[in-house]
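Asks: Below you will find the structure I want to go over with you.
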Amino acid sequence: DAEITQSPRHKITETGRQVTLACHQTWNHNNMFWYRQDLGHGLRLIHYSYGVQDTNKGEVSDGYSVSRSNTEDLPLTLESAASSQTSVYFCASSESSAGVAFFGQGTRLTVV
Amino acid sequence: DQQVKQNSPSLSVQEGRISILNCDYTNSMFDYFLWYKKYPAEGPTFLISISSIKDKNEDGRFTVFLNKSAKHLSLHIVPSQPGDSAVYFCAASALRDTGKLIFGQGTTLQVKP
């Protein structure tokens, strides 16, 4: 079955370190997204991509970057981790024109 | 500026009764609306959606109503079951093709046996 997987599921890192969260989907979807979930804010869009070599900033993109070198993967990098980036991160993908995004199981990141 | 708002952080209902979850939006460009359900330690899962050309969409026990003039949508679950206890997120999209979703803050539903 097609799926979307995130790794690691849990990560503890130190302030200032570079961290990369992986996202891999086997649906062959063109659209991929990264969201963070925080209490009181719901899910907020960090970055998104509509295809290989395409990346776009979302509403909370500062301190994050993504790259899309193939259809299946959209890694999220925290250039210099900050305590404010402690959160649960969700990757999602969708088929163009379908409108429904499918989510991974999430990565809980703690920055100490 | 929160474009999608769920003003009730939590809701508690008795098993068998109706659950009504509400969502308001401010952006008149939104034309596609979705509800997602989330259990702890899992990713959100798609529940039901509605296009702006409709005012109602039904799928089993779940019905979504859209009032465009009021910029309001609601999710009705009837009858409610204990397994429905979860966080429910409302989401909206300005261009359905993009899949780019703006989410509300979520409402935690507890269904008591």
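Chains S and E, in that order, give the protein sequences. Note that the first sequence covers residues 9 to 120 in the working numbering. Note that the second sequence covers residues 7 to 119 in the working numbering. Where a beta carbon is used, it is the ideal one built from N, C-alpha and C, also for glycine.
1) Pick out whichever of P88/E, S34/E, H78/E, Y45/E has its Cα sitting closest to the Cα of C96/E.
2) Taking 7 Å as the cut-off, decide whether the C-beta atoms of L80/E and L115/E are in contact.
3) Which residue or residues does DSSP assign as beta-bridge partners of D46/S?
4) With T85/S and Q33/S assumed to form a contact (beta carbons below 8 Å), what rounded beta-carbon distance in angstroms separates them?
5) Helix, strand or coil for Q33/S per DSSP?
6) Out of I59/E, I108/E, H82/E, G112/E, state which residue places its alpha-carbon closest to the alpha-carbon of D7/E.
7) Against V108/S, what residues of chain E qualify as contacts under a CB-to-CB distance less than 7 Å, listed in chain order?
8) Take E103/S and list the residues in its own chain whose beta-carbon comes closer than 8 Å to its own, dropping the five residues that flank it on each side.
9) Under the three-state reduction of DSSP, which class applies to T120/E: helix, strand or coil?
10) Between C29/E and the rest of its own chain, which residues show a CB-CB distance below 6 Å, the 5 nearest in sequence each way excluded?
11) Under 7 Å, do Y42/E and L27/E count as touching if we go by C-beta distance?
12) Measuring alpha carbon to alpha carbon, tell me which of Q20/E, G66/E, S16/E ends up nearest P88/E.
13) Using the DSSP secondary-structure output, state which residues sit across from Q160/S in a beta bridge.
Replies: To lay it out plainly:
1) Stepping through the second sequence from its first residue, residue 96/E is reached at position 90. Distances from the CA of C96/E to each of P88/E, S34/E, H78/E, Y45/E were compared; the closest alpha carbon is that of H78/E.
2) Within the second sequence, the letter at position 74 stands for residue 80/E. Within the second sequence, the letter at position 109 stands for residue 115/E. As written in the sequence, residue 80/E is Ser, which differs from the Leu given in the question. Not closer than 7 Å, so no.
3) Locating residue 46/S in the first sequence gives position 38, counting from the first residue. D46/S pairs with G50/S.
4) As a working note, residue 85/S is residue 77 in the first sequence. As a working note, residue 33/S is residue 25 in the first sequence. Actually they do not touch by this definition, with Cβ atoms about 18 Å apart.
5) Residue numbering aside, residue 33/S sits at position 25 when the first sequence is read from its first letter. In the structure shown, Q33/S sits in a strand (DSSP, three-state: E or B).
6) Taking the first residue of the second sequence as 1, we reach residue 7/E at position 1. Residue I108/E is the option with its Cα nearest to D7/E.
7) Residue 108/S sits at position 100 when you count from the first residue of the first sequence. Within chain E, the residues near V108/S are L40, F52, S55.
8) As a working mapping, residue 103/S is identified with position 95 in the first sequence. Result list for E103/S: W35, H37, N38, N39, in chain order.
9) The first residue shown for chain E is 7 and the last is 119, placing residue 120/E beyond what the model contains.
10) Here residue 29/E corresponds to residue number 23 of the second sequence, with the count starting at 1. Contacts found: Q12, L79, C96, G110.
11) Here the question's residue 42/E lines up with position 36 in the second sequence. Here the question's residue 27/E lines up with position 21 in the second sequence. Going by C-beta atoms, Y42/E is not nearer than 7 Å to L27/E.
12) Position 82 of the second sequence, counted from the start, is the residue given in the question as residue 88/E. Taking only the C-alpha atoms, the option nearest P88/E is Q20/E.
13) The first residue shown for chain S is 9 and the last is 120, placing residue 160/S beyond what the model contains.
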